[in-house]
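Novice: Following this message is one structure expressed as structure tokens.
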Amino acid sequence: MHVPPRSIPAVTKAGSISGPQSHPTPNEDAAAGTNSGYRLDLDGLRGIAIFLVAIFHVWFGRVSGGVDVFLTLSGYFFVASLLKHIIKTNPSDQSWSVAINPWPRLSRMLRRLVPALFLLLAAVTALTWWSMPSTRWAPLGKELVASAFYYQNYHLAFASQDYGAADSAVSPLQHLWSMAMQGQFFFITIVCALALGGLLKLGARFWPALGRPKVITGVVGGSLAFVALMSFAWANYRHGINQPFNYYDTVARVWEPITGGLLAIWMPRLRLPDWLRTTLTAGAVILIASSGIWITGVEQYPAAMALVPAGSTLLLIWLGSSATASRRIPGNDLSAGGRVLAHPRIVWLGSIAYALYLWHWPLLIFYMSWRFKDDVSFIEGTAILIVAVIIAWFTTKFVEAPLRAGRGGGFSPRYRKILAVGLVVATLFSLGSAGYWQYRADHRYIDTTNLDPRDYPGARAFLSNFPTPAIDAVPSPEAAEGDWPVNHRPHFSNFGDPSIRIGVYGDPNARRTMAVVGGSHSEHWMTALDVIGKKRGFRVTTYMKAGCALSTEAAVEFNGQLLTECNDWSQRVADKLDEDKPDVVFTTASRPVDDGPGDVIPKGYLDYFSLFRDRGQQVIAVRDTPWTHGPMVPRDCIAAGKSPDVCGVPRERALSGVSPVDAIAGDFPNMTFLDYSDAFCQDAYCPAVVGNILVWHDTHHLTTAFVRSLIPYLDADIGKATQWWPPEPAMFR
Numbered sequence: 001m002h003v004p005p006r007s008i009p010a011v012t013k014a015g016s017i018s019g020p021q022s023h024p025t026p027n028e029d030a031a032a033g034t035n036s037g038y039r040l041d042l043d044g045l046r047g048i049a050i051f052l053v054a055i056f057h058v059w060f061g062r063v064s065g066g067v068d069v070f071l072t073l074s075g076y077f078f079v080a081s082l083l084k085h086i087i088k089t090n091p092s093d094q095s096w097s098v099a100i101n102p103w104p105r106l107s108r109m110l111r112r113l114v115p116a117l118f119l120l121l122a123a124v125t126a127l128t129w130w131s132m133p134s135t136r137w138a139p140l141g142k143e144l145v146a147s148a149f150y151y152q153n154y155h156l157a158f159a160s161q162d163y164g165a166a167d168s169a170v171s172p173l174q175h176l177w178s179m180a181m182q183g184q185f186f187f188i189t190i191v192c193a194l195a196l197g198g199l200l201k202l203g204a205r206f207w208p209a210l211g212r213p214k215v216i217t218g219v220v221g222g223s224l225a226f227v228a229l230m231s232f233a234w235a236n237y238r239h240g241i242n243q244p245f246n247y248y249d250t251v252a253r254v255w256e257p258i259t260g261g262l263l264a265i266w267m268p269r270l271r272l273p274d275w276l277r278t279t280l281t282a283g284a285v286i287l288i289a290s291s292g293i294w295i296t297g298v299e300q301y302p303a304a305m306a307l308v309p310a311g312s313t314l315l316l317i318w319l320g321s322s323a324t325a326s327r328r329i330p331g332n333d334l335s336a337g338g339r340v341l342a343h344p345r346i347v348w349l350g351s352i353a354y355a356l357y358l359w360h361w362p363l364l365i366f367y368m369s370w371r372f373k374d375d376v377s378f379i380e381g382t383a384i385l386i387v388a389v390i391i392a393w394f395t396t397k398f399v400e401a402p403l404r405a406g407r408g409g410g411f412s413p414r415y416r417k418i419l420a421v422g423l424v425v426a427t428l429f430s431l432g433s434a435g436y437w438q439y440r441a442d443h444r445y446i447d448t449t450n451l452d453p454r455d456y457p458g459a460r461a462f463l464s465n466f467p468t469p470a471i472d473a474v475p476s477p478e479a480a481e482g483d484w485p486v487n488h489r490p491h492f493s494n495f496g497d498p499s500i501r502i503g504v505y506g507d508p509n510a511r512r513t514m515a516v517v518g519g520s521h522s523e524h525w526m527t528a529l530d531v532i533g534k535k536r537g538f539r540v541t542t543y544m545k546a547g548c549a550l551s552t553e554a555a556v557e558f559n560g561q562l563l564t565e566c567n568d569w570s571q572r573v574a575d576k577l578d579e580d581k582p583d584v585v586f587t588t589a590s591r592p593v594d595d596g597p598g599d600v601i602p603k604g605y606l607d608y609f610s611l612f613r614d615r616g617q618q619v620i621a622v623r624d625t626p627w628t629h630g631p632m633v634p635r636d637c638i639a640a641g642k643s644p645d646v647c648g649v650p651r652e653r654a655l656s657g658v659s660p661v662d663a664i665a666g667d668f669p670n671m672t673f674l675d676y677s678d679a680f681c682q683d684a685y686c687p688a689v690v691g692n693i694l695v696w697h698d699t700h701h702l703t704t705a706f707v708r709s710l711i712p713y714l715d716a717d718i719g720k721a722t723q724w725w726p727p728e729p730a731m732f733r
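By the UniProt record's numbering, the letter at position 511 of the sequence shown is numbered 511, and the numbering carries on one by one without gaps.
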């Protein structure tokens, strides 16, 4: 998801600002859209950007490019303001404490950005207590802290690298990644700019030329240009290596605000006829508005394709400036296209853009969670946006404005004091809740290793008709989070890790070896295979990587991401297996259809099945377990008080009526195909709880407790396939 932060400041006639401090650029005539330096057209562009962000989030679930507009605009105003400060404080008669002290600017920035943010965080905290299942509290608590301290982008970036976190539900704070990125940019830019200004001020004592505005502008601009080029190169380099992390990375994104700043420093002068300015303005707006349709932003930004919204924004800034005006009209240098952008209603929407950005996304997520849905209708979406606009207007007028304006802003000192105290209390409420939620999560472990099958029959309830007593299911929804097999951390290659991490389980000293190969759906059988290996005397070696079943497919889609590293990893694993020569390979036989019901055996799987047949390698392949595909994670659904019979998935949605294995089993005499679908599903439905055991710990990975309940059946089937021991189906009951 791509959601914009508040980032498009504009200088007001009174000198106050709606974002980080902004002023006319050093070249005031070039940078200002009017003689006063106020750019109403850019306020309008801000309104269009937030409109696009909101509608793309609510109805299309796509990246709109609005964030890139915000980033570019914020850099345009912010860098210009800092450069003006450096030039103004360089002369020797200016105080050093004024020249290099970052606190005045940081405090103004915090005063403008933090109040609305902390109000939102308090509201999200309250709504989480009231409406979110307890399974969501701890993850949201981490995001509350990350958002409050402006590192949410990196919190999400590192979560994108963790396979265990990749299946998490969408967060009502996910959109704050971009605001965190901008906060980092503002802070680092302030500190670096003032440090550079101090060096120039010191150097001017020995070389007076360093005090000249043109020299200062050149040094600052050259430094920024170098950083922008490095950032752009990094974004494109990382795009082909680790795009999920790249998307959130400040280093990869910083070229966008810097290019806005460079335009503020060096505004090209080229007189253009009004009709051409209007035509180009319309074209740039169309490019911005349509980019969310023809560019898949989560896969492309902030690499080269981000030049479309960012470059269009630069063009609009330039076209609306007096640098392109064919004639000077006192008080207005805008073209006809610029005057459309400066329409009062569009400008008004821009004036509440920050607050609207903050509120629209949480309202959408909480509504969908409340309604148990994963999308909204046109009427529902419209209602959400209307409510968001009303709350945004209230936040802007009664929270942002009083604390931003300070004394003389039309609000009494008493009101401002009450507001400040209220925000402090709200912040303590949010952070205190986050701390409690994390404490609660750290003390939720329940040992499910030795469950009594009379109370917790699990798979036996469906496969052997074991009676199921009326007791609470285990593990609890809270304790199920992260319920991975023993090998998950030490011997499981995560996203971005090309290595083959071989683990040894079962009986490590045994002569016979079973190699468990593939992704997490091979891995979740390790809970049973480790136990069976110890009991039956065979070694279990693991060759596993996140999202990577053995397949020759060039790219595999997982959670909307294209994984291109699986093909190479699979080839190297196949070579390693040929070298290690295990007695039997255990892997998965199928996977869900990507965009439809049922399951399928991809051609990439069949290629490796054929390879194993040609090698004479014995293989045990298990039909993949059901994926839920629902609007809510099953354990969240259970924690919300809903019945297990609505928290799972219809059988026909998860599994084909006829197993795809049936069509190919005869072609592979070296393979034994296992199918435990009836352990999860009855005729029509696969519930979230079977035999008093929670089936999944997320949307498609099995809990270790449920896998243990399958040990008797898996033990018997492996013995039959390998002939390593005589059938003893009751051994583990």
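Ideal Cβ placement from N, Cα and C applies to all residues, glycine included.
Ignore the nearest five residues each way along the sequence and tell me which others in W59's own chain have a CB closer than 6 Å to its CB.
Specialist: The residue labelled residue 59 in the question sits at position 59 within the sequence shown. Answer for W59: G381, listed in chain order.
Novice: Where in the segment 84-143 do unbroken runs of the beta strand (DSSP E), each at least 3 residues long, occur, reported from the N-terminal end onward?
Specialist: As far as the segment 84-143 is concerned, it has no whole beta strand (DSSP E) run of at least 3 residues.
Novice: Counting C-beta neighbours from all protein chains within 10 Å, is the total for W255 16 or more, i.e. buried, or is it exposed?
Specialist: Translated into positions along the sequence shown, residue 255 becomes position 255. Buried: at least 16 other Cβ atoms inside 10 Å.
Novice: Grab me the residues of V191's own chain with a C-beta within less than 7 Å of its C-beta, minus the 5 sequence neighbours each way, in chain order.
Specialist: Sequence index remark: in the sequence shown, residue 191 carries index 191 (1-based). Contacts found: P102.
Novice: So, are the CB atoms of L419 and L403 less than 8 Å apart?
Specialist: Residue mapping note: residue 419 aligns to position 419 of the sequence shown, counting from 1. Residue mapping note: residue 403 aligns to position 403 of the sequence shown, counting from 1. Against a cut-off of 8 Å, the Cβ pair of L403 and L419 comes out as a contact.
Novice: Less than 8 Å between the C-beta atoms of E481 and H697, yes or no?
Specialist: Translated into positions along the sequence shown, residue 481 becomes position 481. Translated into positions along the sequence shown, residue 697 becomes position 697. Contact: yes.
Novice: Among the candidates R111, W627, L577, whose CA atom is the shortest distance from the CA of V600?
Specialist: Here residue 600 corresponds to residue number 600 of the sequence shown, with the count starting at 1. Nearest option by C-alpha distance: W627.
Novice: Can you tell me the Cα-Cα spacing of Y445 and Y38, whole angstroms?
Specialist: Here the question's residue 445 lines up with position 445 in the sequence shown. Here the question's residue 38 lines up with position 38 in the sequence shown. In a straight line, the C-alpha of Y445 is about 58 Å away from that of Y38.
Novice: On the DSSP letters alone, give me the boundaries of the alpha helix (DSSP H) that R635 sits inside.
Specialist: Position 635 of the sequence shown holds residue 635. Looking at the DSSP string, the run of the alpha helix (DSSP H) that includes R635 is 634-639.
Novice: Apart from the five residues on each side of it in sequence, which residues of its chain come closer than 6 Å, Cβ to Cβ, to V79?
Specialist: Taking the sequence shown and counting its residues from 1, the one referred to as residue 79 is at position 79. Taken in chain order, the residues that qualify are G261, A264.
Novice: Do N670 and Q618 have their C-beta atoms within less than 8 Å of each other?
Specialist: For the purposes of this step, residue 670 is identified with residue 670 of the sequence shown, where counting begins at 1. For the purposes of this step, residue 618 is identified with residue 618 of the sequence shown, where counting begins at 1. Closer than 8 Å, so yes.
Novice: So, do the segment 99-117 and the segment 233-242 have three or more beta carbon pairs nearer to each other than 8 Å?
Specialist: Short answer: they don't touch.
Novice: Roughly how far, in whole angstroms, is the beta-carbon of residue 737 from the beta-carbon of A716, given that I think they are within contact range, below 8 Å?
Specialist: With the chain covering only 1 through 733, there is no way to say anything about residue 737.
Novice: Just how far apart, CA to CA, sit P26 and I216?
Specialist: Taking the first residue of the sequence shown as position 1, residue 26 is located at position 26. Taking the first residue of the sequence shown as position 1, residue 216 is located at position 216. Residue confidence for P26 is low, a pLDDT of 32 falling below 50, so the modelled location carries little weight; the figure read from the coordinates is stated next. Approximately 11 Å, taken between the alpha carbons.
Novice: Return the Cβ separation of F673 and V661 in integer angstroms, given the expectation that the two are a contact with Cβ distance under 8 Å.
Specialist: Reading the sequence shown from its first residue, position 673 is the one you call residue 673. Reading the sequence shown from its first residue, position 661 is the one you call residue 661. Their Cβ separation, rounded to whole angstroms, is 5 Å, which keeps F673 and V661 in contact under 8 Å.
Novice: Kindly provide the ranges of any alpha helix (DSSP H) runs that are 4 or more residues long and lie completely inside the segment 641-678, ordered along the chain.
Specialist: Segments of the alpha helix (DSSP H) lying fully in the segment 641-678: 651-654.
Novice: Let me know the secondary structure DSSP gives A420 once reduced to three states.
Specialist: The residue you call residue 420 lines up with position 420 of the sequence shown. A420: helix per DSSP, three-state reduction.
Novice: Going by other Cβ atoms of all chains shown within 10 Å of its Cβ, with 16 needed for buried, is Y443 buried or exposed?
Specialist: For the purposes of this step, residue 443 is taken as residue 443 along the sequence shown, with counting starting at 1. Inspection of the sequence shows that residue 443 is occupied by His rather than by Tyr. The residue is exposed, with fewer than 16 neighbouring Cβ atoms inside 10 Å.
Novice: Grouping DSSP H, G and I as helix and E and B as strand, with all else coil, what is L307?
Specialist: Residue numbering aside, residue 307 sits at position 307 when the sequence shown is read from its first letter. L307: helix per DSSP, three-state reduction.
Novice: Could you have a look at S377 and say whether DSSP puts it in helix, strand or coil?
Specialist: For this step, residue 377 is matched to residue 377 along the sequence shown. The answer is coil: DSSP assigns S377 none of H, G, I, E or B.
Novice: Using the DSSP secondary-structure output, state which residues sit across from W275 in a beta bridge.
Specialist: Walking along the sequence shown from the start, residue 275 turns up at place 275. Paired residues: none, contrary to the question.
Novice: For D43, count neighbouring Cβ atoms within 10 angstroms of its own Cβ and tell me buried if that reaches 16, exposed if not.
Specialist: For this step, residue 43 is matched to residue 43 along the sequence shown. So D43 counts as buried.
Novice: Excluding sequence positions up to five away, which residues of its chain have a Cβ less than 7 Å from the Cβ of S659?
Specialist: Taking the first residue of the sequence shown as 1, we reach residue 659 at position 659. Same-chain partners within the cutoff: R623, D675.
Novice: Measuring CB to CB, does T588 end up less than 8 Å from G506?
Specialist: Here residue 588 corresponds to residue number 588 of the sequence shown, with the count starting at 1. Here residue 506 corresponds to residue number 506 of the sequence shown, with the count starting at 1. It is not a contact, given that the beta carbons lie outside the stated cut-off.
Novice: Between residue 765 and the rest of its own chain, which residues show a CB-CB distance below 6 Å, the 5 nearest in sequence each way excluded?
Specialist: What the structure shows of the chain is the stretch from 1 to 733, and residue 765 is not part of that stretch, so it cannot be assessed.
Novice: Note the first and the last residue of the continuous alpha helix (DSSP H) segment covering G503.
Specialist: For this step, residue 503 is matched to residue 503 along the sequence shown. Per DSSP, G503 belongs to no alpha helix (DSSP H); it is in the beta strand (DSSP E), 502-506.
Novice: Residue range of the alpha helix (DSSP H) that F232 falls in?
Specialist: Position 232 of the sequence shown holds residue 232. Counting along the chain, the alpha helix (DSSP H) containing F232 begins and ends at 213-239.
Novice: Per DSSP, what kind of secondary structure is D694 in: helix, strand or coil?
Specialist: On the sequence shown, position 694 is the one that residue 694 refers to. Here residue 694 turns out to be Leu, not Asp, going by the sequence shown. Three-state DSSP puts L694 in a strand.
Novice: Under the rule that 16 or more other beta-carbon atoms within 10 Å means buried, what is D530, buried or exposed?
Specialist: Translated into positions along the sequence shown, residue 530 becomes position 530. Buried is the call here.
Novice: Cutting at 7 Å between CB atoms, please list the residues of its own chain near H701, excluding the five before and the five after it.
Specialist: Residue numbering aside, residue 701 sits at position 701 when the sequence shown is read from its first letter. Around H701: S520, H524.
Novice: What residue ranges within the segment 318-360 form continuous alpha helix (DSSP H) runs of no fewer than 4 residues, ordered along the chain?
Specialist: Counting whole runs of 4 or more residues, the segment 318-360 contains the alpha helix (DSSP H) stretches 336-341, 344-351.
Novice: Which of helix, strand or coil does DSSP assign to L40?
Specialist: As a first step, residue 40 must be located in the sequence shown, where it is residue number 40. Reduced to three states, the DSSP call for L40 is helix.
Novice: Relative to the C-alpha of R339, which residue among T281, D583, I664, W370 is closest?
Specialist: Indexing the sequence shown from 1 puts residue 339 at position 339. Of the candidates T281, D583, I664, W370, the one whose C-alpha sits nearest the C-alpha of R339 is T281.
Novice: Mind the definition here: the segment 421-439 touches the segment 647-659 only if three or more C-beta pairs lie below 8 Å; say whether that holds.
Specialist: Flag = no, the segment 421-439 and the segment 647-659 do not touch.
Novice: By Cβ distance, which residues of its chain are closer than 6 Å to C548, with the 5 residues on each side in sequence left out?
Specialist: Looking up residue 548 in the sequence shown gives position 548. G519, C566, W569.
Novice: Is the segment 283-295 in contact with the segment 212-229, if contact means three or more CB pairs nearer than 8 Å?
Specialist: The segment 283-295 vs the segment 212-229: no contact.
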